[in-house]
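Novice:
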Amino acid sequence: MDGVSFHVDRGETVGIVGESGSGKSVTAMSILRLVAEPGRIASGRILFGDEGKQKDVVQMTDDEIREFRGNDVAMIFQDPMTSMNPVLKVGFQIKEAMAAHERFTPKQARDRVVPMLKRVRIPAPEDRAKNYPHQFSGGMRQRAMIAMGLSNEPHLLIADEPTTALDVTVQAQIIELLRDLNRDLGTAVILITHNLAVVASLCTRVIVMYAGRIVEEGPTRQIFKSPQHPYTWSLLRSIPRLDEYQHEKLLTISGLPPDLTNPPPGCKFHPRCRFRVDRCLEEEPPLGEVDPGQKARCWVLMRNALAAQPQQAGQP
Amino acid sequence: MTTEQRVVSDVDTSKQIALVRIEEVVKHFPIGAGLLGGQVVKAVDGVSFEVRGGETLGLVGESGCGKSTLGRVIAQLHPATSGHIYFKDIDLVTLKGEKLRRMRQQLQMIFQDPYASLNPRMTVGDIIGEPLTNFHIARGKAREKRVNEVMRICGLNPGFISRYPHEFSGGQRQRIGIARALILNPTFIVADEPISALDVSIQAQIVNLLEDLQDEFKLTYLFIAHDLSVVRHLSDRVAVMYLGKIVEVADSKQIYDNPLHPYTKALLSSIPIPDPDLEAEREPILLKGEIPSPVNPPTGCRFHTRCPIAQFPICSEQEPPLEDKGSGHQAACHFPGQL
Ligand SMILES: Nc1ncnc2c1ncn2[C@@H]1O[C@H](COP(=O)(O)OP(=O)(O)OP(=O)(O)O)[C@@H](O)[C@H]1O
Ligand code: SF4
Ligand code: SF4
Ligand SMILES: [Mg+2]
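Each protein sequence line maps, in turn, to chains A and B. Numbering-wise, the first sequence is residues 1 to 316 according to the working numbering. Numbering-wise, the second sequence is residues 1001 to 1339 according to the working numbering.
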């Protein structure tokens, strides 16, 4: 990951979109300082809190970071089994998550378990609290994870591909749940996903990552209507949509996602970019403002590319 | 492969005539000893439909509903517990020996996981060419020539014929799987979630390849997926599966514009669309709970435990048959189109 910087406002829902290897999960992990060895946060700051009394996550002591992880920020993963203990009852694990952070008294923590399970719509929560994780279905485990993450009323919930392993009907339940929690509790959400449709559904702002960099960023509506980076533009045209008729050819993005150990020179997307110019092969473009609130990392930008080659607009 | 060995396609690809017809196909897996002894997973539990020559039939449904099992049974990779599978009006279930082998050449399968489905110790050339050896069709130079040919057709560089699967990316591995399925000149291909393991930017390459191959070689596809957007893009007709049963079959347009079964309707409403404006209006029908176990499926209509419009006792007692509700649109529901 190189020089990634972005912000999330209080109560905001931000989507981070990218393919495998784009650095989107590493970004989230570094917010929690969970980056595995040998990766490390080489430089930069991760600021959290209101203007004026911000804490820098990178500078925090181990105690502070532990506090921060449970209290201010919670994270849920694609596979909830990796973050639940298989030999402990689900209710007990939720209670322990609260006990670890001392925001609630032990009695309060105990009393909050069932309402938390109810809040994430687990049926018969009193009985289910006594189950072990393997007795839950995939969707229920994901909801229990969310309950655990929310039990300390964090300001920010980071969800890393929370619905990827789930069926569409269950995915719909989880998206609705995240939406409600954001609306009712004001919890800010960072949603990390490869699924653009889920972002369109849930997020007000979107960050597109490619080869460990932010390549485009802005309000969701604006990015989907008028993407300025060729990668975003191509991605949106390469996915079939439920509301479109069959047998229109999909646009393909040629080549492969980049090898991060050996990235190309210049713009990291240039080997796959159909709009590249000479400069792209040598010089990496900066992430610059292209419209109010919208930034893109490209020398050309789609509005110029399409003006120069209008036939590309509809053509795969 | 020489011309006389090439299967002369006698398939009517007008999308009107059944190429594959399955009748009351059942596939049960016995599970466990001891306490669970004698129990069976009713993975596919009495399914009938047809795939017409030249078409793509999409098969959709949630995880565990039996899609892969059904695909494998049709492709002759699993024996059916009971039922009939007609291919060009010949019941494969009753065929044996040489006759079955000849038929099997024409039925091929593409798998979901391009990592697990290729033997890591074989070269790409051997993986793709193996069916030619197994079916005693070509050896040596002739085999290599044909392997080269399908590699090119599938967008693989024939110069890589001696490499091993791990040297290829996911998308290229899926091309290897497709080349292997094509090498015997099949008429019918079961594609089991061929793109769901791939990166988003690679998926369109494979979807387009499958479409091009269909046009060029007059293939008929059974395309299995849980992603209904891809299915809509590719399919002429769609079959929806729930807990071992087909609940709806219709033209792609009919299914998407006018779903009759409540499950299909809920499934379609659950799918987000990559357009924030449309998303703001979409109202998903949220189903209660999750799919019940295929070991003890619910009585009557299997969907009654989650159905928003179930009426009792009829829905919990009487199993609705899959029947034509007009202009070939089949649904298995006592109250079709009422959600
Ligand atoms: N070899 C087997 N032995 C026992 N049970 C099996 C076997 N293969 C599949 N099953 C069971 O049969 C049911 C249907 O499985 P199948 O793999 O066909 O579902 P699917 O619709 O393809 O699901 P997915 O979308 O997850 O791939 C499941 O309950 C599964 O656990
Ligand atoms: S900088 Fe050049 S290569 Fe990179 S995305 Fe823009 S046009 Fe394409
Ligand atoms: S038969 Fe009854 S329970 Fe089944 S789908 Fe129709 S209305 Fe729902
Ligand atoms: Mg399957």
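Idealized CB from N, CA, C, for every residue including glycine.
Output, in chain order, the set of chain A residues within a Cβ distance shorter than 7 Å of V1230 (chain B).
Specialist: As a position in the second sequence, residue 1230 (chain B) is number 230, starting the count at 1. Here the neighbours are P240.
Novice: Taking only heavy atoms of ligand 2 into account, decide whether any of them is closer than 7 Å to the Cβ of R276 (chain A).
Specialist: Within the first sequence, numbered from 1, the residue matching residue 276 (chain A) stands at position 276. Within the cutoff, so yes.
Novice: Using only CA atoms, which one of B:V1230, B:P1320 and B:V1124 lies nearest to Q1205 (chain B)?
Specialist: Reading the second sequence from its first residue, position 205 is the one you call residue 1205 (chain B). Here the closest residue by C-alpha is B:V1230.
Novice: Are the region 272-281 of chain A and the region 295-302 of chain A touching, with three or more C-beta to C-beta distances below 8 Å?
Specialist: Yes: the two stretches touch, three or more of their Cβ pairs being nearer than 8 Å.
Novice: Less than 8 Å between CB atoms is the rule here; does G15 (chain A) satisfy it with respect to chain B?
Specialist: Taking the first residue of the first sequence as 1, we reach residue 15 (chain A) at position 15. Judged by the 8 Å Cβ criterion, G15 (chain A) is not in contact with chain B.
Novice: Among all the DSSP beta bridges, which residues are the ones paired with P1030 (chain B)?
Specialist: Walking along the second sequence from the start, residue 1030 (chain B) turns up at place 30. Looking at the DSSP assignment, P1030 (chain B) forms a beta bridge with B:V1040.
Novice: Against G1289 (chain B), what residues of chain A qualify as contacts under a CB-to-CB distance less than 8 Å, listed in chain order?
Specialist: Stepping through the second sequence from its first residue, residue 1289 (chain B) is reached at position 289. P123, listed in chain order.
Novice: Quick one: which residues of the region 183-210 of chain A get their C-beta closer than 7 Å to a C-beta of chain B? List them in chain order.
Specialist: Result list: H194, L196, A197, V198, A200 and S201.
Novice: Quick one: is S226 (chain A) near chain B, going by C-beta distance under 8 Å?
Specialist: By one-based count along the first sequence, residue 226 (chain A) stands at place 226. No, no contact with chain B.
Novice: What is the chain-ordered set of residues for which the beta carbon lies under 6 Å from any non-hydrogen atom of ligand 1?
Specialist: With the cut-off at 6 Å, the residues found are B:F1029, B:I1031, B:V1041, B:A1043, B:G1061, B:S1063, B:G1064, B:C1065, B:G1066, B:K1067, B:S1068, B:T1069, B:H1226 and B:P1294.
Novice: Quick one: what does DSSP say M1122 (chain B) is sitting in, helix, strand or coil?
Specialist: Along the second sequence, one-based indexing puts residue 1122 (chain B) at 122. Of the three classes helix, strand and coil, the one that applies to M1122 (chain B) here is coil, per DSSP.
Novice: According to DSSP, what are the bridge partners of S1316 (chain B)?
Specialist: In the second sequence, counting from the first residue as 1, residue 1316 (chain B) sits at position 316. BP columns for S1316 (chain B) are empty, so no partner.
Novice: In chain order, what residues of the region 153-175 of chain A put their CB closer than 8 Å to some CB of chain B?
Specialist: The residues in question are D167, V168, T169, V170, Q171, A172, Q173 and I175.
Novice: Quick one: is the Cβ of P286 (chain A) within less than 7 Å of any heavy atom of ligand 2?
Specialist: In the first sequence, residue 286 (chain A) corresponds to position 286, counting from 1. P286 (chain A): no, Cβ never under 7 Å from ligand 2.
Novice: May I have the straight-line CA-CA distance separating E324 (chain A) from L1286 (chain B), to the nearest angstrom?
Specialist: Beyond the ends of chain A as shown, which are 1 and 316, falls residue 324 (chain A); an answer cannot be given.
Novice: For chain B, find out if any of its Cβ atoms is closer than 8 Å to the Cβ of E19 (chain A); answer yes or no.
Specialist: On the first sequence, position 19 is the one that residue 19 (chain A) refers to. Interface residue, yes.
Novice: Considering Cα atoms alone, identify which of B:V1238, B:V1295, B:A1018 and B:Y1221 is closest to L1107 (chain B).
Specialist: Taking the first residue of the second sequence as 1, we reach residue 1107 (chain B) at position 107. Ranking the options by Cα distance to L1107 (chain B), first place goes to B:Y1221.
Novice: Nearest by alpha-carbon distance to R1163 (chain B): which of B:T1123, B:A1142 and B:G1155 is it?
Specialist: As a first step, residue 1163 (chain B) is located in the second sequence; it is residue number 163 there, counting from the start. Residue B:T1123 is the option with its Cα nearest to R1163 (chain B).
Novice: In terms of residues, what are the limits of the alpha helix (DSSP H) holding R1237 (chain B)?
Specialist: Within the second sequence, residue 1237 (chain B) is the residue found at index 237, counting from 1. Counting along the chain, R1237 (chain B) falls outside any alpha helix (DSSP H), though it belongs to the beta strand (DSSP E) covering R1237 to Y1242.
Novice: Report back the beta-carbon spacing between S1201 (chain B) and I253 (chain A) to the nearest angstrom; my notes put them in contact at under 8 Å.
Specialist: To locate residue 1201 (chain B), count along the second sequence from 1; it is residue 201. To locate residue 253 (chain A), count along the first sequence from 1; it is residue 253. With 8 Å as the limit, S1201 (chain B) and I253 (chain A) qualify as a contact, their Cβ atoms being about 4 Å apart.
Novice: Flag this pair as touching only if the region 13-21 of chain A and the region 191-207 of chain A have three or more C-beta atom pairs under 8 Å; answer yes or no.
Specialist: Contact holds: three or more Cβ-Cβ distances are below 8 Å.
Novice: Tell me which residue opens and which closes the beta strand (DSSP E) that Q294 (chain A) is part of.
Specialist: Here residue 294 (chain A) is taken as the residue at index 294 of the first sequence, counted from 1. Note, Q294 (chain A): beta strand (DSSP E), Q294 to A296.
Novice: Kindly list, in the order they appear in chain B, the residues whose Cβ is closer than 8 Å to that of R221 (chain A).
Specialist: As a position in the first sequence, residue 221 (chain A) is number 221, starting the count at 1. Correct list: P1276 and D1277.
Novice: Among A:K249, A:L177 and A:V114, which residue has its Cα nearest to the Cα of L185 (chain A)?
Specialist: Along the first sequence, one-based indexing puts residue 185 (chain A) at 185. Of the listed residues, the one whose Cα sits closest to L185 (chain A) is A:L177.
Novice: Rounding to the nearest angstrom, what Cα-Cα distance links Q1172 (chain B) and K1042 (chain B) in this structure?
Specialist: For the purposes of this step, residue 1172 (chain B) is taken as the residue at position 172 of the second sequence. For the purposes of this step, residue 1042 (chain B) is taken as the residue at position 42 of the second sequence. So the alpha carbons of these two residues sit roughly 35 Å apart.
Novice: Using 8 Å as the threshold, is the C-beta distance between L1395 (chain B) and L1228 (chain B) below it?
Specialist: It is not possible to answer for residue 1395 (chain B), since the shown part of chain B is limited to 1001 through 1339.
Novice: Heavy atom of ligand 4 less than 7 Å from the Cβ of E1283 (chain B), yes or no?
Specialist: Here residue 1283 (chain B) is taken as the residue at index 283 of the second sequence, counted from 1. No - ligand 4 has no heavy atom lying nearer than 7 Å to the Cβ of E1283 (chain B).
Novice: If you draw a straight line from the C-alpha of Q1105 (chain B) to the C-alpha of Q1174 (chain B), how long is it?
Specialist: Position 105 of the second sequence, counted from the start, is the residue given in the question as residue 1105 (chain B). Position 174 of the second sequence, counted from the start, is the residue given in the question as residue 1174 (chain B). Going by the C-alpha atoms only, they are around 20 Å apart.
Novice: Check the Cβ of P257 (chain A) against every Cβ in chain B and list those closer than 9 Å, keeping chain order.
Specialist: Translated into positions along the first sequence, residue 257 (chain A) becomes position 257. Simply S1169, D1199, S1201 and I1202.
Novice: Tell me whether the region 1080-1088 of chain B and the region 1014-1030 of chain B touch, counting them as touching only if at least three CB pairs, one residue from each stretch, are closer than 8 Å.
Specialist: Output reads yes: the region 1014-1030 of chain B touches the region 1080-1088 of chain B.
Novice: Does any C-beta atom of chain A lie closer than 8 Å to the C-beta of A1266 (chain B)?
Specialist: On the second sequence, residue 1266 (chain B) is found 266 positions in, with the first residue counted as 1. By this cut-off, A1266 (chain B) is an interface position.
Novice: Of all Cβ atoms in chain B, is any one closer than 8 Å to the Cβ of K89 (chain A)?
Specialist: What you label residue 89 (chain A) is simply residue 89 of the first sequence in a count that begins at 1. No, K89 (chain A) does not count as interfacial toward chain B.
Novice: By Cβ distance, which residues of its chain are closer than 8 Å to K147 (chain A), with the 5 residues on each side in sequence left out?
Specialist: Here residue 147 (chain A) is taken as the residue at index 147 of the first sequence, counted from 1. What sits at residue 147 (chain A) in the sequence shown is Ala, not Lys. The residues are I94, M116, L117, R119, V120 and I122.
Novice: Indicate, with yes or no, if ligand 2 has a heavy atom lying under 7 Å from the CB of P258 (chain A).
Specialist: Stepping through the first sequence from its first residue, residue 258 (chain A) is reached at position 258. The answer is no for P258 (chain A).
Novice: Sorry if obvious, but does the Cβ on P271 (chain A) come closer than 7 Å to a heavy atom of ligand 3?
Specialist: For the purposes of this step, residue 271 (chain A) is identified with residue 271 of the first sequence, where counting begins at 1. For ligand 3, not one heavy atom lies less than 7 Å from the Cβ of P271 (chain A).
Novice: Once the 5 residues before and after V113 (chain A) are set aside, which same chain residues still bring their CB inside 7 Å of it?
Specialist: Mapped onto the first sequence, residue 113 (chain A) falls at position 113. Around V113 (chain A): G91, I94, K95 and A129.
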